[in-house]
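A.B. asks: For reference, the structure I am asking about is given below.
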Amino acid sequence: MIHSTPRLRFAPSPTGPLHLGGARTAMYNWAAARALGGTFLLRIEDTDQARSTEASLRIILAGLRWLGIDWDEGPEQGGDYGPYFQMQRLHLYREAADRLLAEGHAYLCYCTPEEIEVGRKELEALKAGFSGYNRRCRSLSSEQRAAFERDGRKPNVRFKMPDARVMQVHDLVRGHVEVNTKELDDWVMLRPDGVPLYNFACVVDDIGMQITHVVRGEEHFLNGIKQRLLFEALGAECPLYAHIPLILNMEGKKLSKRDADTNMLDYRDKGFPAEAVFNYIALLGWGFSGDRDVFTRAEMVGAFKIEGIGKSGSKFDEEKLRWMCGEYVRHWTPAEFVQRARPWLADAVPTAAFTTHAAWLQNALACYQERVAILNELAAKVGWLFADPAMDEAAAKNLVKDPASKQWLAAYAEHLQNSNLPPSWPADRQGVDDVVHLPTKKDATAAACAFWTPSAIEHDCRAFTETLGVKFGHFVHPVRAALTGTDKGPGLFDVLFLLGKDTCVRRLRTAAT
RNA sequence: GUCCCGGUCGUCUAGUCCGGCCUAGGACCUCAGAUUUUCAUUCUGGUAACACGGGUUCGAAUCCCGUCCGGGAUACCA
Numbered sequence: 057m058i059h060s061t062p063r064l065r066f067a068p069s070p071t072g073p074l075h076l077g078g079a080r081t082a083m084y085n086w087a088a089a090r091a092l093g094g095t096f097l098l099r100i101e102d103t104d105q106a107r108s109t110e111a112s113l114r115i116i117l118a119g120l121r122w123l124g125i126d127w128d129e130g131p132e133q134g135g136d137y138g139p140y141f142q143m144q145r146l147h148l149y150r151e152a153a154d155r156l157l158a159e160g161h162a163y164l165c166y167c168t169p170e171e172i173e174v175g176r177k178e179l180e181a182l183k184a185g186f187s188g189y190n191r192r193c194r195s196l197s198s199e200q201r202a203a204f205e206r207d208g209r210k211p212n213v214r215f216k217m218p219d220a221r222v223m224q225v226h227d228l229v230r231g232h233v234e235v236n237t238k239e240l241d242d243w244v245m246l247r248p249d250g251v252p253l254y255n256f257a258c259v260v261d262d263i264g265m266q267i268t269h270v271v272r273g274e275e276h277f278l279n280g281i282k283q284r285l286l287f288e289a290l291g292a293e294c295p296l297y298a299h300i301p302l303i304l305n306m307e308g309k310k311l312s313k314r315d316a317d318t319n320m321l322d323y324r325d326k327g328f329p330a331e332a333v334f335n336y337i338a339l340l341g342w343g344f345s346g347d348r349d350v351f352t353r354a355e356m357v358g359a360f361k362i363e364g365i366g367k368s369g370s371k372f373d374e375e376k377l378r379w380m381c382g383e384y385v386r387h388w389t390p391a392e393f394v395q396r397a398r399p400w401l402a403d404a405v406p407t408a409a410f411t412t413h414a415a416w417l418q419n420a421l422a423c424y425q426e427r428v429a430i431l432n433e434l435a436a437k438v439g440w441l442f443a444d445p446a447m448d449e450a451a452a453k454n455l456v457k458d459p460a461s462k463q464w465l466a467a468y469a470e471h472l473q474n475s476n477l478p479p480s481w482p483a484d485r486q487g488v489d490d491v492v493h494l495p496t497k498k499d500a501t502a503a504a505c506a507f508w509t510p511s512a513i514e515h516d517c518r519a520f521t522e523t524l525g526v527k528f529g530h531f532v533h534p535v536r537a538a539l540t541g542t543d544k545g546p547g548l549f550d551v552l553f554l555l556g557k558d559t560c561v562r563r564l565r566t567a568a569t
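Per my numbering, residue 57 is the first one in the first sequence, and the count goes up by one each step.
Set out below in structure tokens:
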């Protein structure tokens, strides 16, 4: 190991939001740093001035925070190895470039883009395989150089690649790989305006920030070769590299806007639990164990090894992500569920329900905890709790399936009128044991409180259907339709309990007419 | 074109390094059943894979070679 403490980084360029792939890269670096007891830092690669924006940076940082990926050094955090924005480190690149120039590892290139293109075409015509920059400026005489300067040409700084050196490298994920440097260009390190290009800035900073491990997408594999050479030229030891496969869509193509939300914050805003998204992303190329795939961040850190990342590409599966979300939602306590769902309920639930009728609301929402995976699905389901619902098609059908059902409803309305059904929200429900946490504690006994519990209501209802001479199974469907306007949802007696006497009676009578 | 990497159920993967414990395990999806007042949850069970062809070996998903397919790279983007 190069440095005593492992130091890892995530180095996004703020040219767009934090997407799935970036989130995974950040996560693996983060997890490795935490697992190794090292430092995780953020470095902002903002050298693409045309595309970098402040807004993107904010979105990236928010996305990371949302996923629970925290950094020890970087933006809004500081640290001893800053600055952490590349545009604030230009002098460091200039220095390194001068050194490389002086030591003969780099040279000035005066070629115009057009000239480079012409050179490339010529090499291509040779059909010798590799085609790139023809290295014309490598061997410029001082006269030629002076002539270019007189023409007002401003030089790039190019790195001198070895002609045909076989690089034997070890990649933490790919293992032993050999690459011949003849496949590589003399690449540009520094532009005339002093702004560095990716490979150069990356290495100068990895040295400066004492990075020990680099986990990044496989599109950087060849960059890794260029970078190793640069580390060597600069007399520094290079970090351990791990190049991981990309995330693909279900067709095996590059993930696009059509396949998944490209912005992590979209998942947040739709109500995907962050823990679930984190958990799911972790699984894209890494396995917790042979027989478990639900785990906490801490458990991941405990089990994570860079070498354990898979070599084959993985496809993003929305269905499994959705399942994972449900898995997390169901494990929250009812109180937690209310609290976490609240932002998505602003329009669907009256504020008073959260404050003066919190216990009642908690009961009501608890009924949906196993029926919802993504929080934005909730609002559309709970309307019947607060306002007389419109009847959907399936419910309307259930209402008329049996010609006698309207009579049942009318009779049941009368029956409930004289019953111990709890009062309706938002009327005073004092004395009602609203803390039964439906639907998990249906067995609370009727004797325990002044008003009926769901199980007591059911008991009574079964008896009632008998006196009515109707099969219980037939009876419940029209009642559910009348009360909720749909044919799905919580247990019917939870519905009655939550709605209370006045509302139930009113809706039954309305449906009976 | 050239170079690099990969290929286990439809999907994510375990197993591959150190061949036998793999008649290939788990999860999602799907199907069937159970529970049930609906939906959902839960439970039980089923379908489903070592890309193909050659080797090596007593024995190969695991090692070797070839083929095919997929991905990545080949910038004054990162």
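For each residue, glycine too, the CB sits at the ideal point set by N, CA and C.
#1: Give me the residue from G327, I116, L421, L555 with the minimum Cα distance to S399.
#2: Per DSSP, which one or two residues make a beta bridge with P252?
#3: Run through DSSP, which three-state label would V271 get?
#4: Are the CB atoms of W508 and T559 nearer to each other than 9 Å?
#5: Which same chain residues, not among the five before or five after N335, have their C-beta less than 7 Å away from its C-beta?
#6: State whether the segment 282–290 contacts the segment 204–220, with contact taken as three or more CB pairs (one from each stretch) at a distance under 8 Å.
#7: Out of curiosity, what's the CA-to-CA distance linking I58 and G208?
#8: Below 8 Å on the Cβ atoms is my contact criterion, and I expect A257 with T407 to pass it. Report the Cβ-Cβ distance as a whole number of Å.
#9: I need the DSSP call for Y336, collapsed to helix, strand or coil.
#10: In chain order, what residues of the same chain have a beta carbon less than 6 Å from the beta carbon of V260, not counting five sequence neighbours either side?
#11: Mark M245 as exposed unless 16 or more other C-beta atoms lie within 10 angstroms of its C-beta, in which case mark it buried.
#12: Taking the C-alpha atoms as reference points, what is the distance between R65 and F549?
#13: Considering only the beta carbon of each residue, do T542 and W440 sit closer than 9 Å?
#14: Ordered along the chain, which non-local residues of its own chain (more than five positions away) have a Cβ less than 6 Å from that of H462?
#15: Does the segment 513–521 come close enough to the segment 380–399 to have 3 or more Cβ pairs within less than 8 Å?
#16: Reducing DSSP to helix, strand and coil, say where A220 ends up.
#17: Just checking A512 against the ligand ZN - is the residue's beta carbon closer than 8 Å to any of the ligand's heavy atoms?
#18: Is P252 closer than 9 Å to L146 when the C-beta atoms are compared?
#19: Applying the criterion that 16 or more other CB atoms from any shown protein chain within 10 Å of the CB defines a buried residue, is G78 buried or exposed?
#20: Give the single residue among A537, L74, Y297 whose Cα lies nearest to the Cα of L278.
#21: Given a threshold of 16 other Cβ atoms within 10 Å of its Cβ, counted over all protein chains shown, does V271 qualify as buried or as exposed?
#22: Per DSSP, what kind of secondary structure is T95 in: helix, strand or coil?
#23: Please work out which residues of its chain come closer than 7 Å, Cβ to Cβ, to V428, disregarding the five sequence neighbours upstream and downstream, and give them in chain order.
#24: Per DSSP, what kind of secondary structure is D102 in: helix, strand or coil?
#25: Candidates Y424, Y323, S368, D242: which alpha carbon is nearest L377's?
#26: Express the C-alpha separation of L477 and P546 in angstroms, rounding to a whole number.
#27: Can you tell me whether A502 is helix, strand or coil according to DSSP?
#28: Taking the DSSP output, what are the residues bridged to E171?
#29: From the DSSP output, in three-state form, read off A460 for me.
#30: Would Q224 pass as a contact of E234 if the rule is Cβ separation under 9 Å?
#31: Quick check: the Cα distance between A502 and K453, rounded to an integer number of angstroms?
#32: In the DSSP assignment, the alpha helix (DSSP H) including E383 goes from what residue to what residue?
#33: Taking G358 as part of the beta strand (DSSP E), name the residues at either end of that continuous run.
#34: Going along the chain, which unbroken runs of the beta strand (DSSP E) with 3 or more residues stay wholly within the segment 253–319?
#35: Does the segment 353–364 come close enough to the segment 81–99 to have 3 or more Cβ pairs within less than 8 Å?
#36: Please return the same chain residues whose Cβ sits closer than 8 Å to the Cβ of G264, not counting the five positions on each side in sequence.
C.D. replies: Taking the geometry as given:
#1: As a first step, residue 399 is located in the first sequence; it is residue number 343 there, counting from the start. Residue 399 is actually Pro in this sequence, not Ser. P399 has its Cα closest to that of G327, out of G327, I116, L421, L555.
#2: As a working note, residue 252 is residue 196 in the first sequence. Note: P252 sits in a beta bridge opposite L246.
#3: As a first step, residue 271 is located in the first sequence; it is residue number 215 there, counting from the start. Reduced to three states, the DSSP call for V271 is strand.
#4: Within the first sequence, numbered from 1, the residue matching residue 508 stands at position 452. Within the first sequence, numbered from 1, the residue matching residue 559 stands at position 503. It is not a contact, given that the beta carbons lie outside the stated cut-off.
#5: Taking the first sequence and counting its residues from 1, one reaches residue 335 at position 279. Closer than 7 Å at Cβ, skipping near neighbours: V350, F351, M380.
#6: yes
#7: To locate residue 58, count along the first sequence from 1; it is residue 2. To locate residue 208, count along the first sequence from 1; it is residue 152. Legend: pLDDT at I58 = 48, less than 50; position of this residue unreliable, no value from coordinates given.
#8: For the purposes of this step, residue 257 is taken as residue 201 along the first sequence, with counting starting at 1. For the purposes of this step, residue 407 is taken as residue 351 along the first sequence, with counting starting at 1. Between T407 and A257 the Cβ distance is about 51 Å, and since that is not below 8 Å, they are no contact.
#9: Numbered from 1 along the first sequence, position 280 holds the residue referred to as residue 336. Correct three-state label for Y336: helix.
#10: Translated into the one-based positions of the first sequence, residue 260 becomes position 204. Within the same chain, V260 has close Cβ partners L148, Y149, A152.
#11: For the purposes of this step, residue 245 is taken as the residue at position 189 of the first sequence. So M245 ends up on the buried side.
#12: Here residue 65 is taken as the residue at index 9 of the first sequence, counted from 1. Here residue 549 is taken as the residue at index 493 of the first sequence, counted from 1. The straight-line gap from Cα to Cα measures roughly 55 Å.
#13: As a working mapping, residue 542 is identified with position 486 in the first sequence. As a working mapping, residue 440 is identified with position 384 in the first sequence. Taking 9 Å as the Cβ cut-off, T542 and W440 qualify as a contacting pair.
#14: Taking the first sequence and counting its residues from 1, the one referred to as residue 462 is at position 406. Rather than His, the amino acid found at residue 462 in this sequence is Lys. Excluding sequence neighbours, K462 sits near A568.
#15: no
#16: Here residue 220 corresponds to residue number 164 of the first sequence, with the count starting at 1. Of the three classes helix, strand and coil, the one that applies to A220 here is coil, per DSSP.
#17: In terms of ligand content, the structure shown is empty, and the ligand ZN therefore cannot be addressed.
#18: Here the question's residue 146 lines up with position 90 in the first sequence. Here the question's residue 252 lines up with position 196 in the first sequence. Yes, these two residues count as a Cβ contact at 9 Å.
#19: Counted from its first residue, the first sequence places residue 78 at position 22. Buried, since its Cβ has 16 or more Cβ neighbours within 10 Å.
#20: Here residue 278 refers to the residue found at position 222 of the first sequence. Of A537, L74, Y297, the residue nearest in Cα terms is Y297.
#21: Position 215 of the first sequence, counted from the start, is the residue given in the question as residue 271. The residue in question, V271, is buried, as its Cβ has 16 or more Cβ neighbours within 10 Å.
#22: Sequence index remark: in the first sequence, residue 95 carries index 39 (1-based). Residue state, collapsed to three classes: strand.
#23: Translated into positions along the first sequence, residue 428 becomes position 372. So the list reads V385, L434, once near-sequence residues are dropped.
#24: Stepping through the first sequence from its first residue, residue 102 is reached at position 46. D102 falls in the coil class under three-state DSSP.
#25: Counted from its first residue, the first sequence places residue 377 at position 321. Here the closest residue by C-alpha is Y323.
#26: Locating residue 546 in the first sequence gives position 490, where the first residue counts as 1. Locating residue 477 in the first sequence gives position 421, where the first residue counts as 1. Their Cα atoms are separated by approximately 17 Å.
#27: Here residue 502 is taken as the residue at index 446 of the first sequence, counted from 1. Residue placement at A502 is poorly supported in this model, since its pLDDT is 47, which falls under 50; the coordinates still yield a value, given next. DSSP places A502 in helix when its eight states are reduced to three.
#28: On the first sequence, position 115 is the one that residue 171 refers to. DSSP output for E171 lists no bridge partner at all.
#29: Position 404 of the first sequence holds residue 460. Of the three classes helix, strand and coil, the one that applies to A460 here is coil, per DSSP.
#30: Locating residue 224 in the first sequence gives position 168, counting from the first residue. Locating residue 234 in the first sequence gives position 178, counting from the first residue. Taking 9 Å as the Cβ cut-off, Q224 and E234 qualify as a contacting pair.
#31: For this step, residue 502 is matched to residue 446 along the first sequence. For this step, residue 453 is matched to residue 397 along the first sequence. Summary for A502: the model assigns pLDDT 47, below 50, so the residue's position carries little reliability; its value from the coordinates is reported in the next sentence. Straight-line Cα distance between these residues: approximately 33 Å.
#32: Taking the first residue of the first sequence as 1, we reach residue 383 at position 327. Residues 374–387.
#33: For this step, residue 358 is matched to residue 302 along the first sequence. Looking at the DSSP string, G358 is not in any beta strand (DSSP E); the run it does join, the alpha helix (DSSP H), is 353–359.
#34: 269–273, 296–300
#35: yes
#36: For the purposes of this step, residue 264 is identified with residue 208 of the first sequence, where counting begins at 1. So the list reads Y137, R145, L148, once near-sequence residues are dropped.
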